[in-house]
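Accompanying notes for the structure given below.
Protein chains: 2
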Amino acid sequence: MIDDVVFVSNKTNIMTTIELASYQIHVGNIWGELENWLQAQSYSRYIILVDENTRAYCWPLLQQKVNLPNPQIIEIRSGEQHKNIHTCTYIWKQLMDEKADRNALFINLGGGVIGDMGGFCAATYKRGIDFIQIPTTLLAQVDSSIGGKLGIDFGDVKNSVGLFTNPQKVFISPEFLETLPEREIRSGLAEIVKHSLIADSELWQKLQSIHQLNAVDWASLLVPSLEVKKRVVESDPLEKSWRKTLNFGHTIGHALESWALATPQPLLHGEAVAAGMLCETYLSGTVSGLDRHEVEAISDFILRIYNKQRFDPASFPTLIELMKNDKKNQDGQINFTMLQAIGTPLINQSCTDQDIEQSLTYYLER
Amino acid sequence: MIDDVVFVSNKTNIMTTIELASYQIHVGNIWGELENWLQAQSYSRYIILVDENTRAYCWPLLQQKVNLPNPQIIEIRSGEQHKNIHTCTYIWKQLMDEKADRNALFINLGGGVIGDMGGFCAATYKRGIDFIQIPTTLLAQVDSSIGGKLGIDFGDVKNSVGLFTNPQKVFISPEFLETLPEREIRSGLAEIVKHSLIADSELWQKLQSIHQLNAVDWASLLVPSLEVKKRVVESDPLEKSWRKTLNFGHTIGHALESWALATPQPLLHGEAVAAGMLCETYLSGTVSGLDRHEVEAISDFILRIYNKQRFDPASFPTLIELMKNDKKNQDGQINFTMLQAIGTPLINQSCTDQDIEQSLTYYLER
Numbered sequence: 001m002i003d004d005v006v007f008v009s010n011k012t013n014i015m016t017t018i019e020l021a022s023y024q025i026h027v028g029n030i031w032g033e034l035e036n037w038l039q040a041q042s043y044s045r046y047i048i049l050v051d052e053n054t055r056a057y058c059w060p061l062l063q064q065k066v067n068l069p070n071p072q073i074i075e076i077r078s079g080e081q082h083k084n085i086h087t088c089t090y091i092w093k094q095l096m097d098e099k100a101d102r103n104a105l106f107i108n109l110g111g112g113v114i115g116d117m118g119g120f121c122a123a124t125y126k127r128g129i130d131f132i133q134i135p136t137t138l139l140a141q142v143d144s145s146i147g148g149k150l151g152i153d154f155g156d157v158k159n160s161v162g163l164f165t166n167p168q169k170v171f172i173s174p175e176f177l178e179t180l181p182e183r184e185i186r187s188g189l190a191e192i193v194k195h196s197l198i199a200d201s202e203l204w205q206k207l208q209s210i211h212q213l214n215a216v217d218w219a220s221l222l223v224p225s226l227e228v229k230k231r232v233v234e235s236d237p238l239e240k241s242w243r244k245t246l247n248f249g250h251t252i253g254h255a256l257e258s259w260a261l262a263t264p265q266p267l268l269h270g271e272a273v274a275a276g277m278l279c280e281t282y283l284s285g286t287v288s289g290l291d292r293h294e295v296e297a298i299s300d301f302i303l304r305i306y307n308k309q310r311f312d313p314a315s316f317p318t319l320i321e322l323m324k325n326d327k328k329n330q331d332g333q334i335n336f337t338m339l340q341a342i343g344t345p346l347i348n349q350s351c352t353d354q355d356i357e358q359s360l361t362y363y364l365e366r
Numbered sequence: 367m368i369d370d371v372v373f374v375s376n377k378t379n380i381m382t383t384i385e386l387a388s389y390q391i392h393v394g395n396i397w398g399e400l401e402n403w404l405q406a407q408s409y410s411r412y413i414i415l416v417d418e419n420t421r422a423y424c425w426p427l428l429q430q431k432v433n434l435p436n437p438q439i440i441e442i443r444s445g446e447q448h449k450n451i452h453t454c455t456y457i458w459k460q461l462m463d464e465k466a467d468r469n470a471l472f473i474n475l476g477g478g479v480i481g482d483m484g485g486f487c488a489a490t491y492k493r494g495i496d497f498i499q500i501p502t503t504l505l506a507q508v509d510s511s512i513g514g515k516l517g518i519d520f521g522d523v524k525n526s527v528g529l530f531t532n533p534q535k536v537f538i539s540p541e542f543l544e545t546l547p548e549r550e551i552r553s554g555l556a557e558i559v560k561h562s563l564i565a566d567s568e569l570w571q572k573l574q575s576i577h578q579l580n581a582v583d584w585a586s587l588l589v590p591s592l593e594v595k596k597r598v599v600e601s602d603p604l605e606k607s608w609r610k611t612l613n614f615g616h617t618i619g620h621a622l623e624s625w626a627l628a629t630p631q632p633l634l635h636g637e638a639v640a641a642g643m644l645c646e647t648y649l650s651g652t653v654s655g656l657d658r659h660e661v662e663a664i665s666d667f668i669l670r671i672y673n674k675q676r677f678d679p680a681s682f683p684t685l686i687e688l689m690k691n692d693k694k695n696q697d698g699q700i701n702f703t704m705l706q707a708i709g710t711p712l713i714n715q716s717c718t719d720q721d722i723e724q725s726l727t728y729y730l731e732r
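Sequence lines, in order, name chains A and B.
Per our numbering, the first sequence starts with residue 1, numbered consecutively.
Per our numbering, the second sequence starts with residue 367, numbered consecutively.
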């Protein structure tokens, strides 16, 4: 595994714009574009949603780079456990107390929780006010900031209340990554790996050259990775079919993530997904015809980047039970996305419980 | 004023379909259409939202007319005071407990509260499941069932959390009106009167022939009234401009409704709107050139149908203060929709506080 290092992003003056059907994602040196865009609008005020971390580490940068007169800051506590209806009630109440009108702009400055929940509150305040996403974690930059999924956890089920609404724009600056712990960067990288495996073998080749996370030019990986997600979500915005390709690694990954929550070492989402991808790569070899050499190459790469997670074979039945509760299943059958080849996914795949156990054993023994 | 009578709707075998851009409204004898449509879908289950009244008076009719196997009933308490986030939490929890999946159909059987709040819960459960509206009050049939506005009251402000989402279909049966108190019918009629005044002078003429509410063929009034609302909301779905014509009578009406809430005799929405329309008709004569004979004709008609509401001139300042808090105002100026002529509205009109006081005095002294 790559040694932990202090992460330093590459500063660049380049900005790339990804055009989606109804909005744009700007990646790289976003500040001029953001300033110009704000100037061209006529928002009555700016509301910035932060948590204690993004208030301390990201808000100063945003404030320094862009003119936001009389900003109204709404601060919530960081963490998935606060992504719930109580926090929404707090956010709506702040908006009401400050008499934010329909012409206000809501700015989500943070990771996935801020983007998902802040977007949900903005999209439902007075039947919807404009919002933009300024994701500050690698995971949010590459994944949750695109696709229009907004929402909160409800009754112990992740993202079970929410809706699809697109932001006005998404602004992605790798500068924010400088404030992130190495472990968060590694976690976010897992979704880039996934995007390469399901749809971009060229990106996959590029990823092979990663040896030190502090030497990575993130903008150059974010753009092709976002292009993959864009193609997938635009072909199936409401997740009726092809969008399920994005679930690669997530069926076993989500089970590991839930399982680890109850242990002294909870996993970050990307850490769980990395382990899940390795298991589902093995399954793809067993049931979907993925070439043995590709199985090996993917396994090698993942274990070079990620610590192996430890769990006991005694936990296999619990893990399989968790997979059976996945909201994407139908008729009680666990629904997998697998690989036929690198870059070629297959949706709606199934296998036996024994196959799943073998994949978990493969992971532990590899 | 017309004497109170027991209301009996006209049963008819005719069904009229109003085509909107993305869905249809069926009015009249809807049962065959509803049954056929349900048969043609493949919903995994049916969830019916009711309150204690519609469970007792409307659900038996629906159940008798249409085959809905294994219905899941969610019952909430009737009344605007329950249109809040707590009731939403209860509804979402019921859906989760019953493991309703994304392929369930949510059926709103009730008045405006059921339609607005049930639609909001359906549109946000698992990022949105299909729902249909079966409005059972005249007010909901003619008004809130069309236009896609969904939501709840929050922090003492009506409809301040919500969104725009269209139902799969709306089914309007005048048979449900048979279960309504006379006062509710009279209240609903106010929105039909409004639709005629802002956009359909022919419908206005037709309304002149109403002398007994129990002799009215409601389907024949609902259809042209819905056609008016359809034209308005389709020309401006997000209420940026022309949709404001629907606010005629509502600026003063909402103030009277809020004011009366704190008195021993709260007003129904339509009762307040009827009084508001009379005042705003007078204002239209003062500031927007509405012909004096039309002012008189509208005043005569409203006072023939509706009891005059009693309030003291001492409450005028309170009423004007309430108008100034209206969410549709801009720059502290009260925003009125007025009439230039019957069928010809003017949006974004303003007047002096003295004009408003005169209109209230006119109402009281007429």
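For each residue, glycine too, the CB sits at the ideal point set by N, CA and C.
None of the values given here were measured: they were computed from a predicted structure.
Just the chain D side, please: which residues come within less than 8 Å of residue 462 of chain B by C-beta, in chain order?
Note that chain D does not occur in the displayed structure, where the protein chains are A and B.
With residue 180 of chain A and residue 218 of chain A assumed to form a contact (beta carbons below 8 Å), what rounded beta-carbon distance in angstroms separates them?
At roughly 11 Å, the Cβ-Cβ gap does not stay under 8 Å, so residue 180 of chain A and residue 218 of chain A are not in contact.
Proximity winner among B/459, B/565, B/612, B/617, relative to residue 726 of chain B (alpha-carbon distances)
For the residues B/459, B/565, B/612, B/617, the minimum Cα distance to residue 726 of chain B belongs to B/617.
Residue 626 of chain B to residue 676 of chain B span [Cα, whole Å]:
Cα-Cα distance, rounded: 10 Å.
Cutoff 6 Å; reference residue 337 of chain A; Cβ partners in own chain excluding five residues on either side
So the qualifying residues of the chain are 244, 245, 247, 248, 345, 347.
With distances taken between CB atoms, is the gap from residue 85 of chain A to residue 47 of chain A smaller than 9 Å?
No, Cβ-Cβ distance for residue 85 of chain A and residue 47 of chain A is not below 9 Å.
Please give me, in chain order, every unbroken run of the alpha helix (DSSP H) with length at least 4 that falls completely inside the segment 650–685 of chain B.
Complete alpha helix (DSSP H) runs here, min 4: 658–671.
Specify the secondary structure class of residue 452 of chain B as computed by DSSP and reduced to three states.
It is helical.
Residue environment, residue 97 of chain A, which counts as buried when at least 16 other CB atoms sit within 10 Å:
It counts as exposed.
Could you check what DSSP says for residue 43 of chain A in three-state terms: helix, strand or coil?
It is coil, neither helix nor strand.
Per-residue DSSP class, three states only, for residue 232 of chain A:
Correct three-state label for residue 232 of chain A: helix.
Verify the CB distance criterion: does residue 119 of chain A have a CB-CB separation below 9 Å to chain B?
No, residue 119 of chain A lies away from the interface with chain B (no Cβ there is under 9 Å from its Cβ).
Close beta carbons around residue 437 of chain B, own chain, < 7 Å, minus the five adjacent residues each side:
If we look at residue 437 of chain B and ignore the five residues flanking it on each side, its Cβ neighbours are 412, 414.
When B/382, B/504, B/580 are compared against residue 556 of chain B, the one with the closest alpha-carbon
Comparing Cα positions, the closest option is B/504.
Quick check: what's the CA-CA separation for residue 470 of chain B versus residue 160 of chain A?
Rounded to whole angstroms, residue 470 of chain B to residue 160 of chain A spans 14 Å at the Cα level.
Report the option in A/303, A/335, A/339 whose CA atom is closest to the CA atom of residue 366 of chain A.
Among A/303, A/335, A/339, the Cα nearest to that of residue 366 of chain A is on A/303.
Neighbour flag for residue 451 of chain B against chain A, beta carbons, 9 Å:
Yes, because at least one Cβ of chain A sits closer than 9 Å to the Cβ of residue 451 of chain B.
Can you tell me whether DSSP reads residue 254 of chain A as helix, strand or coil?
In this structure, DSSP gives residue 254 of chain A a helical state, which the three-state scheme calls helix.
Exposed unless 16 or more other CB atoms sit within 10 angstroms - verdict on residue 41 of chain A
By the 16-neighbour rule on beta-carbons within 10 angstroms, residue 41 of chain A is exposed.
Out of B/427, B/602, B/589, B/635, which has the shortest C-alpha to C-alpha gap to residue 446 of chain B?
Checking every option, the nearest Cα to that of residue 446 of chain B belongs to B/635.
Of all Cβ atoms in chain B, is any one closer than 9 Å to the Cβ of residue 131 of chain A?
The C-beta of residue 131 of chain A comes no closer than 9 Å to any C-beta of chain B.
The beta strand (DSSP E) spanning residue 160 of chain A covers which residue range?
According to the DSSP assignment, residue 160 of chain A belongs to the beta strand (DSSP E) that extends over 157–164.
Whose C-beta lies closer than 7 Å to the C-beta of residue 601 of chain B among residues of the same chain, with five residues either side of it excluded?
Hits under 7 Å: 608.
Reduced DSSP category for residue 465 of chain B - H, G, I as helix; E, B as strand; rest coil:
In this structure, residue 465 of chain B counts as coil in the three-state DSSP scheme.
Cβ of residue 595 of chain B within 9 Å of any chain A Cβ:
False, the Cβ-Cβ gap to chain A never drops below 9 Å.
Exposed unless 16 or more other CB atoms sit within 10 angstroms - verdict on residue 552 of chain B
In summary, residue 552 of chain B is buried, with 16 or more beta-carbon neighbours lying within 10 Å of its beta-carbon over all protein chains present.
Given a cut-off of 9 Å, decide if residue 643 of chain B and residue 582 of chain B are closer than it, judged by their beta-carbon atoms.
Contact: no.
Coarse secondary structure for residue 129 of chain A, derived from DSSP in three states
Collapsing the DSSP output to three states places residue 129 of chain A in coil.
Using 10 angstroms around the beta-carbon of residue 151 of chain A, count the other beta-carbons present and answer buried if the total reaches 16, otherwise exposed.
Flag for residue 151 of chain A reads buried.
Amino acids of chain B, ordered along the chain, whose beta-carbon sits closer than 7 Å to that of residue 127 of chain A:
What residue 127 of chain A touches in chain B: 515, 517, 528, 529, 530.
Can you give the beta carbon distance from residue 22 of chain A to residue 166 of chain A, rounded, assuming they're within the 8 Å contact cut?
Going by Cβ atoms, the distance from residue 22 of chain A to residue 166 of chain A rounds to 5 Å, so yes, they are a contact pair.
Buried or exposed: residue 370 of chain B, going by 16 or more other Cβ atoms within 10 Å of its Cβ?
Per-residue confidence for residue 370 of chain B stands at a pLDDT of 42, beneath the threshold of 50, marking its modelled position as unreliable; no derived number is given.
Cβ-Cβ distance between residue 199 of chain A and residue 170 of chain A below 9 Å
It is not a contact, given that the beta carbons lie outside the stated cut-off.
If contacts are defined as beta-carbon pairs under 8 Å, then residue 638 of chain B and residue 656 of chain B qualify, I think. What distance do you get, rounded to the angstrom?
With 8 Å as the limit, residue 638 of chain B and residue 656 of chain B do not qualify as a contact, their Cβ atoms being about 21 Å apart.
Tell me which same chain residues have a C-beta within less than 6 Å of the C-beta of residue 228 of chain A, skipping the five on either side of it?
These residues qualify, in order along the chain: 195, 199, 200.
Within 10 Å of its beta-carbon, does residue 522 of chain B have 16 or more other beta-carbons around it, so buried, or fewer, so exposed?
It counts as exposed.
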